[in-house]
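Its first residue numbered 1267, the sequence shown is counted upward by one per residue in this note's numbering.
From the three backbone atoms N, C-alpha and C, an ideal C-beta is built for every residue, glycine too.
All figures in this text were calculated on a predicted structure; none of them were measured in a lab.
Heads up: the structure comes next, in C-alpha cells.
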Amino acid sequence: MIEVVAKKCKNYDIKKIKQIFFDIFSSSNFISKLSSLNSVLLKPNLLGPYPPEKGVTTHPIFIAALVELLKDYNIEISLFDNPGGNVKYNEVLQKCGILNLSKKYNIEILEPVKSGIYKFGEKPEYIINKPFLDCQAIINLPKLKTHTLTLFTGAIKNMYGIVPGLAKSNYHRIAPHPTKFAEIVVDIYSLVKDKIIFNLMDGIIGMDGNGPSSGDSKNFGVILGSPEAIALDFCASKMMGYNPKKIPTIMFAAERYGISHQEIQLQGDFKETYKLENVNIRKSKNTNKIIRLFSHPFKRFIRKFFWAYPDFLPDKCSKCGNCVKSCPVSALAIIKESPIPQLDRDKCTLCLCCIEMCSENAVFLKKSFLGKFLIK
Ligand code: SF4
Ligand code: SF4
C-alpha cells in the first residue's frame, strides 16, 4: 500500500505544523531516514510575487516549520524554485516571505541564473536547472490549488518549477492542449522523480476558483504528506471534489509508474470519502472546457460564435510587461498609446500564462455571449 497522511491544521502555527510534520514522517516510517540525510533541497511553489495570504505560493511558516525539524537532524538545507515568466527573482523571494526566512534560518537560496542547466531529449528538449539533479534529495512542498489548464495544482505539477522561467513558455507553445501539456508536465516530473524523498502539501490556505493565481484563497485547514507524489495528488484532488482519474497529470503519471488507486491508502484525521467544504472546482473545470475547445480541429469555425480571450483592466494594469514576456506565442504587446497590453487574437492559444503571471489581477477571461451561456 502507498500511504498518504492528511492532518487537520487551521492556521500557520509553527509549533503545531512542526509537530504535524513529525507525525506524518513517523507514520510513513520516514523519520528513521532523516538521520542518514546530509543535505536536502526544498522545492516550494514560488509561482510569482504574491504575498503568502493570497494562497498562491507555499507559506513561509510552512517552510520554516520543516526547516526547524530538519535542523534538529543537522541536515543542510537549500531552497529553489523557478517562478513563471520573466518576473524578478528577488521580488518573488521578498513578496513570498522567503528572504526573511533565509536570513532567520541561514538557509541557502539557489538562484536560477547561477545554477546552470541540463538538457534532455529532443522534440521536445527538456531544460531543467542543475541543482534539482545534483542535490542529494528533494522535499517537494506544493500548494493545494485549482488550475485552469491542468485542473489541479499538486505535487506532480509543482515539479514543473524545475524548468527555468521563460523556457516554460516554450512547452505551452508546443502543447497548447491541456492533455498534451499534462504529458509534458509528467515527463518533467519523471526527470527528478527519484530525487524526491517526500512531499508535504500546504493546504492550510489554498485556492479554488480560477487557480493557480487568480482564484479565491480558501482556508482548507489541511496538510497532506506522502513519499509518493502521485498518491498525494490522488488524495488531495479527491478531497477538493475532483475525480482524480480525470486529472491528466495524475492519470498519466499513475499509468507510467503502474500505480493503481486501490494501492493508495489515506490515513490521519480524515475518512477516505471526506470532501473539503464549499470548494469551487466548477470554475476551473469550465475554463478548462473552453481551452479544450480552442484546440478543436474546427476551432476557426467554433471561434466565430464561441470565444474567450484574455482582457485587461486599465485601473489595475501597471504596464509592467510580465504578461507580454510570458506569452509563448508573442500575442501581446505594450504600446505607448494604450493603458493596457494589446492582444492579437489570431495568435492567442489561450494558454492563460498572462492571467497566471499577472500579480495585479489585471487580466481576466472575456467570453462571447454563447461562451457565457454554455459554460457558466
Ligand atoms: S496585465 Fe498585469 S502583467 Fe500585464 S502589463 Fe498589466 S499589470 Fe503587468
Ligand atoms: S495572450 Fe495570454 S492566453 Fe493568449 S497565448 Fe498569450 S499568454 Fe496565452
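Might you give, ordered along the chain, the residues of its own chain that have their beta carbon closer than 6 Å to the beta carbon of residue i, omitting 5 neighbours on each side?
i	result
L1300	Y1339
V1271	I1290, S1293, G1491, Q1533, G1534
N1485	I1471
K1633	A1574
S1344	L1307, E1374, L1376
Y1437	I1450
N1277	none
P1514	T1445, A1448
E1391	K1385
H1325	Y1278, P1318, D1468
V1322	L1313, Y1316, S1479
On the three-state DSSP scale, how would you describe residue i?
i	result
S1287	Per the sequence presented here, residue 1287 reads as Phe, with Ser not at that position. The answer is helix: DSSP assigns F1287 an H, G or I state.
L1332	helix
F1635	helix
A1628	coil
L1307	strand
I1601	coil
I1297	helix
P1397	helix
P1576	strand
E1269	strand
L1498	helix
E1622	helix
Y1278	coil
With a threshold of 8 Å on Cβ separation, who are the neighbours of residue i within its own chain once the five nearest residues in sequence on each side are excluded?
i	result
I1516	F1418, G1420, I1422, I1496, D1499, F1500, S1503, P1510
D1347	K1309, P1310, N1311, L1312, G1427
Y1508	L1417, F1418, I1547
Q1608	L1598, A1599, I1600, I1601
S1305	I1341, E1342, I1343, S1344, C1401, Q1402, A1403
N1476	T1412, T1414, K1549, S1550, T1553, I1621, L1631
K1613	V1595, S1596, A1597
How long is the line joining the alpha carbons of residue i and residue j, rounded to whole angstroms?
i	j	result
K1309	F1571	43 Å
D1581	D1279	37 Å
L1618	T1445	15 Å
L1598	I1297	49 Å
Y1540	M1505	6 Å
F1630	I1621	7 Å
N1627	H1413	15 Å
L1410	F1578	27 Å
F1398	D1460	11 Å
L1542	M1473	12 Å
I1283	A1441	38 Å
Y1455	A1448	10 Å
V1379	L1359	15 Å
G1637	N1366	45 Å
A1519	M1467	18 Å
G1363	K1537	34 Å
N1395	P1349	12 Å
K1591	K1274	40 Å
P1605	L1335	49 Å
I1478	M1425	First, the amino acid is wrong: residue 1478 is Pro here, not Ile. So the alpha carbons of these two residues sit roughly 14 Å apart.
S1435	G1351	7 Å
Quick one: what's got a C-beta closer than 7 Å to residue i's C-beta in the same chain, skipping five residues either side?
i	result
M1267	E1529, Q1531
I1393	I1383, K1385, V1429, P1430, A1433
E1357	P1315
S1584	E1626
I1462	I1404, N1406, A1495
Would the C-beta of residue i count as close to ligand 1, meaning under 7 Å from any of its heavy atoms?
i	result
K1284	no
N1588	yes
V1452	no
A1330	no
V1271	no
S1435	no
P1349	no
F1630	no
Could you tell me if the beta carbon of residue i falls within a distance shorter than 7 Å of some heavy atom in ligand 2?
i	result
C1583	no
As an exercise, report each continuous beta strand (DSSP E) stretch of at least 3 residues that is fully enclosed by the segment 1504-1570, in chain order. 1530-1534
Unbroken stretches of the alpha helix (DSSP H), 4 residues or longer, contained in the segment 1335-1366: 1355-1361
Enumerated in chain order, which unbroken segments of the beta strand (DSSP E) with a length of 3 residues or greater are wholly contained in the segment 1413-1494? 1417-1419, 1462-1474, 1482-1492
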